[in-house]
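Notes to accompany the following structure.
Chains as they are written, first to last, in this note's numbering: chain H, 17 to 204; chain P, 134 to 218.
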């Protein structure tokens, strides 16, 4: 039974390594690139909103790049039930608020600049668990999965030895069935 | 070409069933002893026996659970390969 416990401890260790942040990712570099990509998209949107605001001023209006009329998708009179009409109206207002918040964010990112916003977030990004880069991570995951399979095959052989000696054993939580019952070419 | 080792499959399922049966038996014994002990609260021997049987039942319950889960994965896996048990 000691051999089984030892092998299972190794299996638990490999499984823990497979779920560790350095293997599950993303790395700081990937995370930063993802945030930058999203900030750049927001800045692009913000540039368009700023241009709209300038156009409004040029036409004698107010610089109000966030203003938009609240429009119902269909006539609320076509909804017969009063509570449904209220729900539809609230939904439109909620969508409008979300849309304004998104556009305000876009305008702020454009005004402040992607690099400045990213620099502000940098310490928070650095505080998050780092990971291996994507290629190394994929290699490491494949390597750990191979190690795991070897160990699970060992575990199964030890179990068969225990059974052959008339001993008792209990499955390990998460023990995969294929190593016990799958015959693939040669018996596994 | 993959196939299922039916002998080992049945052997493992039988082991799981044996643990489940032992756990059920232990639980019944523990419950009966507890009833008996409550009926005669002054009997120290009965009380000790009830505690012993309860401990034995408690020890078997998690084993039965883990075997049940393992047997379920065996059945599912076998079914994927065309073997229904």
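Cβ atoms here follow ideal geometry from the backbone N, Cα and C, with glycine treated the same way. Predicted, not measured: the structure shown is a model, and the values here were computed from it.
By the criterion of Cβ-Cβ separation under 8 Å, what are the contact partners of residue i in chain H?
i, result
"residue 142 of chain P", "196 and 197"
"residue 188 of chain P", "Simply none; closest approach about 18 Å."
"residue 155 of chain P", "By Cβ distance, chain H contributes nothing, its closest Cβ being about 11 Å from residue 155 of chain P, past 8 Å."
"residue 145 of chain P", "196 and 197"
"residue 196 of chain P", "186"
Please report the distance separating the alpha-carbon of residue i from that of residue j.
i, j, result
"residue 135 of chain P", "residue 46 of chain H", "40 Å"
"residue 194 of chain H", "residue 213 of chain P", "11 Å"
"residue 206 of chain P", "residue 141 of chain P", "14 Å"
"residue 151 of chain P", "residue 208 of chain P", "16 Å"
"residue 163 of chain P", "residue 186 of chain P", "5 Å"
"residue 49 of chain H", "residue 39 of chain H", "18 Å"
"residue 154 of chain P", "residue 210 of chain P", "23 Å"
"residue 31 of chain H", "residue 195 of chain P", "22 Å"
"residue 104 of chain H", "residue 113 of chain H", "14 Å"
"residue 63 of chain H", "residue 43 of chain H", "30 Å"
"residue 218 of chain P", "residue 158 of chain P", "24 Å"
"residue 100 of chain H", "residue 116 of chain H", "24 Å"
"residue 156 of chain P", "residue 152 of chain H", "47 Å"
"residue 150 of chain H", "residue 157 of chain H", "10 Å"
"residue 128 of chain H", "residue 135 of chain H", "11 Å"
"residue 161 of chain H", "residue 181 of chain H", "30 Å"
"residue 137 of chain H", "residue 131 of chain H", "10 Å"
"residue 139 of chain H", "residue 143 of chain P", "57 Å"
"residue 108 of chain H", "residue 145 of chain P", "59 Å"
"residue 61 of chain H", "residue 33 of chain H", "41 Å"
"residue 199 of chain P", "residue 174 of chain H", "19 Å"
"residue 35 of chain H", "residue 41 of chain H", "10 Å"
"residue 54 of chain H", "residue 83 of chain H", "23 Å"
"residue 189 of chain P", "residue 197 of chain P", "12 Å"
"residue 77 of chain H", "residue 56 of chain H", "29 Å"
Among the residues of its own chain, which have a CB less than 8 Å from the CB of residue i, if the five just before and after it don't count?
i, result
"residue 179 of chain P", "166, 169, 170 and 173"
"residue 11 of chain H", "In the structure displayed, chain H extends from 17 to 204; residue 11 of chain H sits before or after that span and is not available."
"residue 170 of chain H", "23"
"residue 98 of chain H", "none"
"residue 188 of chain H", "24, 27 and 171"
"residue 70 of chain H", "79"
Output, in chain order, the set of chain P residues within a Cβ distance shorter than 8 Å of residue i.
i, result
"residue 170 of chain H", "Within 8 Å Cβ-Cβ: nothing; residue 170 of chain H doesn't reach chain P, min ~17 Å."
For residue i, which residues in chain P fall below 7 Å Cβ to Cβ?
i, result
"residue 191 of chain H", "203"
"residue 187 of chain H", "199, 200 and 203"
In chain order, what residues of the same chain have a beta carbon less than 7 Å from the beta carbon of residue i, not counting five sequence neighbours either side?
i, result
"residue 58 of chain H", "121, 122 and 125"
"residue 37 of chain H", "145 and 147"
"residue 168 of chain H", "27, 192 and 195"
"residue 66 of chain H", "81, 123 and 126"
"residue 137 of chain P", "211, 214 and 216"
Excluding sequence positions up to five away, which residues of its chain have a Cβ less than 6 Å from the Cβ of residue i?
i, result
"residue 181 of chain P", "none"
"residue 204 of chain P", "146 and 149"
"residue 178 of chain H", "185"
Residues of chain H with CB under 7 Å from residue i, in chain order?
i, result
"residue 206 of chain P", "193"
"residue 160 of chain P", "Ordered by position in chain H, no residue passes the 7 Å Cβ test against residue 160 of chain P, which lies about 18 Å from the chain."
Which residues of chain H have a Cβ atom closer than 9 Å to the Cβ of residue i, listed in chain order?
i, result
"residue 211 of chain P", "193 and 197"
Relative to the ligand NAD, is the shortest distance from any of its heavy atoms to the C-beta of residue i smaller than 7 Å?
i, result
"residue 71 of chain H", "The model on display carries no ligand, and the ligand NAD is accordingly not part of it."
Notebook entry, point to check: Hey, which unbroken runs of the alpha helix (DSSP H) at 4 residues or more fall wholly within the segment 32-100 of chain H?
Noted result: 37-40 and 44-74
Check: Taking only runs of the alpha helix (DSSP H) that begin and end inside the segment 123-203 of chain H, which ones reach a length of at least 4 residues, in chain order?
Finding: 130-143, 150-180 and 194-197
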